[in-house]
Amino acid sequence: MDDDWEPPVPAGYSDAHRAFLQAFMARGTLTFKEGQKVLAAIKSASEGGGPGDGDGDGAVDPQSITAAEFDNFVRTARAAVEPLDFDIRNTRDQVRGGERVWAFVNAHSDPATQLGTTRSPEEVAYIKRLLDAMFEQYNTPRMEVMAVDEGQALRVSRPPRRQRESSGLRADGRTDEDDNNNNDNDNDDGGGGEQRTAATDRGLKHSEVLSLLSSLVAEGWLDKSRDGFYSLAPRALLELWSWLVATYNDPDAEEGAWQRIKFCEACKEMVTYGQRCNEPACTVRLHDICEDGFWRTRPARTCPKCNTPWEGNHFVGERAVTSRSGFQRGRGRRGRRSDAAETQEPDEAEAIEEDGD
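Plus 22 on top of the position in the sequence shown (first one is 1) and you've got the numbering used here.
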């Protein structure tokens, strides 16, 4: 490979585009309003003034930045990073009124490749367990929560006991195999590295989990709701879209079969917060932000697949828990949502049992 190789630069790529791309990469995500502020600051600096100038000469009003101008900068930035296996993708925020969000993502991504350079092996392993909890344990045909509260997030701080026991992991962090193979050179590349990582994964302390969750929220990977549930933010959904489908959906499932990763009947994007058909066996899902436009195109407010009347009170996401009377009584009794697992787990246990039948 030529060490002097440089990625091709799109036509018209300027210092302003470079500054925009650097600001985008530093933030990870941008909304149009945030993009207006970034571009206004860049144009102000390039024109010799700036928002910090006392007389305001040269300062550009963010409101003067049009959607077309923002889109042009995004397209140019995307063309610049595509040869490097990065991309800029966008989606609508399912929770915050459908505001469109653009994210700078790794085009070939999974939790390890995306987070491996900034997270420890134990943190990466924890994030995978957290995703398994969201999309397997708390995502069943009966209750599609795809979110966890703090208590549930802490429960996966360590690998399952059977995994630790099968690996021979002791309290000192070493394994029986370490003693037996203390003098091995570890030259076998046939997956041994992954096995050794799994064998020595001692998990995280609860304080470390809470710190990691706060960091993931601050960086835009997770959302934390007012009721204390953690779910994937738009940035993570865009970054991990292909990986989530490949990991949690069954490619050999029959058409119409229930899958863990669901898509909106209207916009065809992933649904982690929205509504579901009243019929438990039906797989039709809708974003809240899509339902008004969708029903305007329909002759009746009935499920397009099974024709069941659509009541709009069967939910995907944390509302599958928080809308239940048991949760509401618990919150009223304590004055806060202190133990969602107490409300959720009996139903989840039934759902998991049904799912395993």
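No residue lacks a Cβ here, since even glycine has one placed at the ideal position from N, Cα and C.
Item, Value
"N-terminal and C-terminal residue of the beta strand (DSSP E) that D109 is part of", "F108 to R114"
"Alpha carbon of R282 to alpha carbon of V267, nearest angstrom", "8 Å"
"6 Å Cβ shell around P331 - same chain, five flanking residues per side excluded", "T324"
"Beta-carbon proximity of Y160 to S179, cut-off 8 Å", "no"
"Contact under 8 Å by Cβ, A90 with Y35", "no"
"Per-residue DSSP class, three states only, for F337", "strand"
"Residue from A129, Q44, R122 and A41 whose Cα sits closest to the Cα of E261", "A129"
"CB of F92 within 8 Å of CB of F108, strictly", "no"
"Of the listed residues T162, H336, D223 and E158, nearest to P181 (C-alpha basis)", "D223"
"Candidates Y252, Q350, K59 and E291: closest to W263 by CA position", "E291"
"Distance cut-off 7 Å: Y295 Cβ against heavy atoms of the ligand FMN", "With respect to the ligand FMN, the structure offers nothing, as it holds no ligand at all."
"Closest residue to H336 among K65, F349, E301 and W280 (Cα-Cα distance)", "E301"
"DSSP three-state assignment for P32, whether helix, strand or coil", "coil"
"Distance between K327 and R40 (C-alpha atoms, nearest Å)", "48 Å"
"Segment limits, alpha helix (DSSP H) that includes H309", "First-last for H309: R307 to H309, but that is the beta strand (DSSP E), not the alpha helix (DSSP H)."
"Segment limits, beta strand (DSSP E) that includes Q297", "G296 to R298"
"Sequence ranges, alpha helix (DSSP H) only - wholly within the segment 242-306, length at least 4", "256-270"
"Buried versus exposed, by CB contacts within 10 Å (16 or more), R341", "buried"
"Per-residue DSSP class, three states only, for R151", "helix"
"R298 to V306 span [Cα, whole Å]", "6 Å"
"Own chain, CB closer than 8 Å to V338, minus 5 neighbours either side, in chain order", "E166, M168, K284, V293, T294, Y295, G296, Q297, R298 and R307"
"F316 versus E333, N329, A303 and C289, residue with shortest Cα-Cα distance", "C289"
"Residue range of the beta strand (DSSP E) that includes L226", "Premise fails: L226 is in no beta strand (DSSP E) and is neither H nor E."
"Endpoints, alpha helix (DSSP H) assigned at F54", "F54 to S68"
"Cβ neighbours of A155 in the same chain (closer than 7 Å, five flanking residues each side left out)", "V170, Q174 and V178"
"Counted within 10 angstroms of its Cβ, other Cβ atoms place P143 as buried (16 or more) or exposed", "exposed"
"With 16 other Cβ atoms within 10 Å as the buried cut-off, status of P256", "buried"
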